[in-house]
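A short write-up of the structure that comes next.
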Amino acid sequence: MTEYYAYAAAIREELHRIPEIGFDLPKTLAVVHRELDKMGLSYTDKWGRSSVVGYLGPQDAPFTIGLRADMDALPIQEEVDLPYKSTHDGMMHACGHDSHTAILLAILKYFTEHEADLACRIKFLFTPAEEYITPGCKELAENGVLDDVDCCLATHCTPDRNIGAMVM
718 MTEYYAYAAA IREELHRIPE IGFDLPKTLA VVHRELDKMG LSYTDKWGRS
768 SVVGYLGPQD APFTIGLRAD MDALPIQEEV DLPYKSTHDG MMHACGHDSH
818 TAILLAILKY FTEHEADLAC RIKFLFTPAE EYITPGCKEL AENGVLDDVD
868 CCLATHCTPD RNIGAMVM
C-alpha cells in the first residue's frame, strides 16, 4: 500500500502548487485527466461545469458506489514556506481538497489494478466549487449524476485524527 500512499502524496503536492477557485479549474482538471488517461479510464464532464465523472468495474454489477472528491481551493494567501507551496497568489488549498482529489485518484489507481476483484461498480465524481456559493456537487446532483448510485462516499481531512481513523 505504500506505493499508493506515495502516489497520493505526490499528486497532492502537485495539486497544492496550483490551487484554483470555484469552477475555474483548468490546471487541476488537466492533472485529473492526465492521471485517469494513464489508468485507461473513460470519463465525461457532461454532468456539470468543471466536473469529471466516470465508471470503473463491471457494468452489470448489482450495486454502484459513488466516490466523490472536491477539487477547488480557497481565496487565501499561503504563508507557510513549503517545497510545494502555492504558486497562485491569493489562492491556497487550505481545506484539504488537494488531498481529497489525490486520495480518490489513488483509490482509482488501486481498483484499476485490481478490477477483477470488484463485485460492484464504482462511479467516480470529481466535483468543483465545494467552497462556492452554489456548490458544484449540487449542480451535478440536479443533473441526475446520482440516479444510478446506491450509496456515495467521500473523504474529509481532519488534522486531529490519526491516519486511517474513521469518524462517523
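Each residue of the sequence shown is one higher than the one before, starting from 718 at the first, in this note's numbering.
Quick reminder that beta carbons are idealized off the backbone N, C-alpha and C, glycines included.
Helix, strand or coil at residue i [DSSP, three-state]
i: Phe-843; result: strand
i: Arg-766; result: coil
i: Asp-798; result: coil
i: Ala-833; result: helix
i: Gly-783; result: strand
i: Arg-729; result: helix
i: Thr-761; result: strand
i: Arg-734; result: helix
i: Leu-825; result: helix
Continuous beta strand (DSSP E) stretch holding residue i: start and end
i: Tyr-772; result: 769-773
Residue interval of the alpha helix (DSSP H) (run including residue i)
i: Ile-793; result: Looking at the DSSP string, Ile-793 is not in any alpha helix (DSSP H), and its letter there is neither H nor E.
i: Glu-848; result: Counting along the chain, Glu-848 falls outside any alpha helix (DSSP H), and DSSP gives it neither H nor E.
i: Val-749; result: 743-756
i: Gly-853; result: 853-859
is_contact[residue i, chain B] using C-beta, thresh 7 angstroms
i: Lys-826; result: No chain B appears in this structure, which consists of one protein chain only.
Proximal residues to residue i (C-beta, below 7 angstroms), its chain only, five neighbours per side dropped
i: Glu-731; result: Val-748
i: Tyr-724; result: Ala-823 and Lys-826
i: Phe-828; result: Leu-773, Leu-835 and Ile-839
i: Lys-744; result: Ile-735 and Glu-737
i: Ala-819; result: Ala-725, Ile-728, Arg-729 and Leu-732
Cβ neighbours of residue i in the same chain (closer than 6 angstroms, five flanking residues each side left out)
i: Ala-811; result: Leu-791 and Ile-793
i: Glu-771; result: Checking the sequence, you will find Gly at residue 771 rather than Glu. For Gly-771, where only same-chain residues beyond five positions count, the Cβ hits under 6 angstroms are Leu-758, Ser-759, Tyr-760 and Phe-841.
i: Val-866; result: Thr-781, Gly-783 and Lys-840
i: Ala-846; result: Gly-739, Phe-740, Asp-789, Pro-852 and Gly-853
i: Val-769; result: Val-749, Tyr-760 and Phe-843
i: Glu-752; result: Leu-822
Outcome for residue i when other beta-carbon atoms lying within 10 angstroms are tallied against a minimum of 16
i: Asp-806; result: exposed
i: Pro-736; result: buried
i: Thr-875; result: exposed
i: Glu-832; result: exposed
For residue i: DSSP bridge partner residues
i: Cys-869; result: Gly-783
i: Arg-838; result: Thr-781
i: Met-809; result: Leu-791
beta-carbon residue i near the ligand PLP non-hydrogen atom, thresh 6 angstroms
i: Val-748; result: For the ligand PLP, the structure offers nothing, since it holds no ligand at all.
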